[in-house]
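Q: I'd like to ask some things about the structure below.
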Amino acid sequence: MYLFLFILSVFFSSPVFAQEVTAVPTIAPNREVLQMVQQKVKDLLQNTDSTSVEPRSIIGTITQIDSSQIVVSYKNESKSITITEDTVFIDIKRNKTKVENIKSGQDILAMGYLNQYGNFEAKRVVVTDLKTIQNKNEIVLGKIVDISQSSPVFVLIPIKNKEIQYQIKTDAKTEILDKDNNKLALDKLKAGQKIVVIIQPDAKIAKTFYVSKIITMDSVTAQASNTSTNN
Amino acid sequence: MIKELILAIALGSILGFGITGAFFALNKNKSVPRQNQTETIPTPTITDLQMSTQISTTPSVSKTESSINITSPENNAVLSNSKISIKGDSKPNSLIIISTPTKTFSGKSNANGVFSISIELDSGLNLIKIDSIDSEDNQSETELNLIYSTAKI
Numbered sequence: 031m032y033l034f035l036f037i038l039s040v041f042f043s044s045p046v047f048a049q050e051v052t053a054v055p056t057i058a059p060n061r062e063v064l065q066m067v068q069q070k071v072k073d074l075l076q077n078t079d080s081t082s083v084e085p086r087s088i089i090g091t092i093t094q095i096d097s098s099q100i101v102v103s104y105k106n107e108s109k110s111i112t113i114t115e116d117t118v119f120i121d122i123k124r125n126k127t128k129v130e131n132i133k134s135g136q137d138i139l140a141m142g143y144l145n146q147y148g149n150f151e152a153k154r155v156v157v158t159d160l161k162t163i164q165n166k167n168e169i170v171l172g173k174i175v176d177i178s179q180s181s182p183v184f185v186l187i188p189i190k191n192k193e194i195q196y197q198i199k200t201d202a203k204t205e206i207l208d209k210d211n212n213k214l215a216l217d218k219l220k221a222g223q224k225i226v227v228i229i230q231p232d233a234k235i236a237k238t239f240y241v242s243k244i245i246t247m248d249s250v251t252a253q254a255s256n257t258s259t260n261n
Numbered sequence: 304m305i306k307e308l309i310l311a312i313a314l315g316s317i318l319g320f321g322i323t324g325a326f327f328a329l330n331k332n333k334s335v336p337r338q339n340q341t342e343t344i345p346t347p348t349i350t351d352l353q354m355s356t357q358i359s360t361t362p363s364v365s366k367t368e369s370s371i372n373i374t375s376p377e378n379n380a381v382l383s384n385s386k387i388s389i390k391g392d393s394k395p396n397s398l399i400i401i402s403t404p405t406k407t408f409s410g411k412s413n414a415n416g417v418f419s420i421s422i423e424l425d426s427g428l429n430l431i432k433i434d435s436i437d438s439e440d441n442q443s444e445t446e447l448n449l450i451y452s453t454a455k456i
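Sequences listed follow chains A and B, in order.
Take the first sequence: its letters are residues 31 to 261, numbered as in this note's numbering.
Take the second sequence: its letters are residues 304 to 456, numbered as in this note's numbering.
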């Protein structure tokens with residue numbers, strides 16, 4: 031009897047495949063879940079991108095205009111502006127005007143929102159002159175190479191381009207600060223000093239720049255220690 | 304005699320069925336290898352979804368060689384307050400200079416490169432230049448167009 035049971039247990043023992051069988055049905059739901067999540071993310075992104083809560087703006091020169099759309103160009107980039115019956119137009123003299131009076135070649139500042147289709151819809155279009163509001167400031171890091179004793183002028187050579195020289199004019203409005211934002215007097219500037227200048231071309235004198243702000247790159251303590259070392 | 308015969312038949316049957324059963328069981332095992340049947344399906348993880356969100360919703364403000372990055376406000380934003388803070392990041396301990404057409408403001412980035420500098424806007428369009436100068440005299444510049452308007456939009 032024992033022999034009989036032994037033979038039975040030897041020949042009828044086989045591997046259990048239950049794990050393989052139950053793993054197969056999980057494949058299909060995973061794909062569905064993946065697709066569903068992808069779709070949800072896509073919808074969410076579309077909703078987020080297509081409308082803007084905060085007002086935005088577009089500036090540029092008009093290249094094309096009709097009753098429903100304005101195309102502007104700014105820095106070699108074209109942008110389309112949707113206009114509606116509610117869009118307010120303001121001319122260069124700050125008076126209300128009509129779309130018919132807006133022409134190609136004019137500079138405009140359009141303010142509005144992105145609509146549900148992702149298009150910029152203007153609420154207010156202001157005719158402006160981009161040339162007059164250009165930021166002509168130039169920010170230059172350089173070394174003072176010469177300071178005039180007879181006029182409020184000094185010469186600066188940029189740190190990264192020693193081929194250029196700037197003749198820079200100061201006046202009573204010129205603000206001089208050290209790196210820690212402490213105010214300094216003009217006579218604190220010395221030849222050889224490293225400074226940052228915010229300059230604009232002088233409208234009256236050619237090749238001369240007016241400086242509105244000077245920031246010395248050496249701190250006061252560093253200057254003091256340099257001076258004491260030199261002495 | 305009969306008893307022995309029955310026992311012999313039973314043992315023979317058991318042995319025969321046993322061998323046959325074992326043979327089929329082994330064959331089935333060979334034809335269905337466990338590992339090769341498993342299909343690997345990429346499952347969406349939270350990290351994957353977050354990454355795709357970040358890529359798609361990243362503002363169009365593209366990364367340039369400039370080491371200065373403005374985080375707030377957005378380029379071309381229309382603001383109803385003239386006094387605002389320009390926030391961003393640059394190299395650590397850099398001098399940051401912000402220039403509007405009429406005014407200039409300066410400050411420094413902290414040890415992590417983060418800065419926040421208060422400025423005052425002019426009415427209308429402000430074409431702003433923001434420069435960063437690091438401790439090795441490397442200068443980088445970026446531009447920001449901001450509109451200050453109290454008009455209802």
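By construction, the Cβ of each residue, glycine as well, lies at the ideal position given by its N, Cα and C atoms.
In chain B, which residues lie with their C-beta within 7 Å of the C-beta of A/P85?
A: Result: V381 and I456.
Q: Quick one: Cα of A/K190 to Cα of B/F418, how far?
A: Cα-Cα distance, rounded: 25 Å.
Q: Which residue wins for smallest C-alpha separation from B/L424, given the options B/K306, B/I389 and B/N372?
A: Ranking B/K306, B/I389 and B/N372 by Cα distance to B/L424 puts B/I389 first.
Q: The region 126-160 of chain A: which residues have C-beta closer than 9 Å to a C-beta of chain B, in chain order?
A: Result list: L139, M141, G142, Y143, K153, R154, V156, T158 and L160.
Q: For B/D437, which residues in chain A fall below 7 Å Cβ to Cβ?
A: Residues of chain A passing the Cβ test: none, with the nearest at roughly 10 Å.
Q: Mapping DSSP to helix, strand and coil, what is B/S334?
A: Note that B/S334 scores a pLDDT of 41, beneath 50, so its modelled location is shaky; the value from the coordinates is reported in the next line. B/S334: helix per DSSP, three-state reduction.
Q: For A/I111 and B/G416, what's the separation of their Cα atoms in angstroms?
A: Answer to the nearest angstrom: the Cα atoms are 37 Å apart.
Q: Any contact of the region 106-124 of chain A with the region 388-406 of chain B, i.e. 3+ C-beta pairs under 8 Å?
A: Touching, no.
Q: Could you say which of B/I450, B/I436, B/I309 and B/A311 lies nearest to B/L430 if we only look at CA atoms?
A: Closest by alpha carbon: B/I450.
Q: Taking the straight line between their C-alpha atoms, what separation do you get for A/N149 and A/G142?
A: Straight-line Cα distance between these residues: approximately 10 Å.
Q: Taking B/P395 as the reference, give the member of B/K406, B/I387, B/S412 and B/N379 with the closest Cα.
A: Answer by Cα proximity: B/S412.
Q: Counting contacts by CB-CB distance shorter than 8 Å, is A/N263 in contact with chain B?
A: The question about residue 263 of chain A has no answer, for chain A in this structure spans 31 to 261.
Q: Measuring only between beta-carbons, confirm whether A/N211 sits less than 8 Å from chain E.
A: The structure shown contains no chain E; its protein chains are A and B.
Q: Rounding to the nearest angstrom, what Cα-Cα distance links A/E151 and A/E130 in this structure?
A: For A/E151 and A/E130, the distance between alpha carbons rounds to 18 Å.
Q: Quick one: is B/I389 near chain A, going by C-beta distance under 8 Å?
A: So no, B/I389 is outside the interface.
Q: Using the beta-carbon of each residue, which ones in chain B are nearer than 9 Å to A/K243?
A: What A/K243 touches in chain B: I400, S402, T407 and S409.
Q: In terms of DSSP beta bridges, what is A/M141 paired with?
A: A/M141 is bridged to A/S87 and A/R154.
Q: What did DSSP end up calling A/L160 once you bin it into helix, strand or coil?
A: Three-state DSSP puts A/L160 in coil, outside helix and strand.
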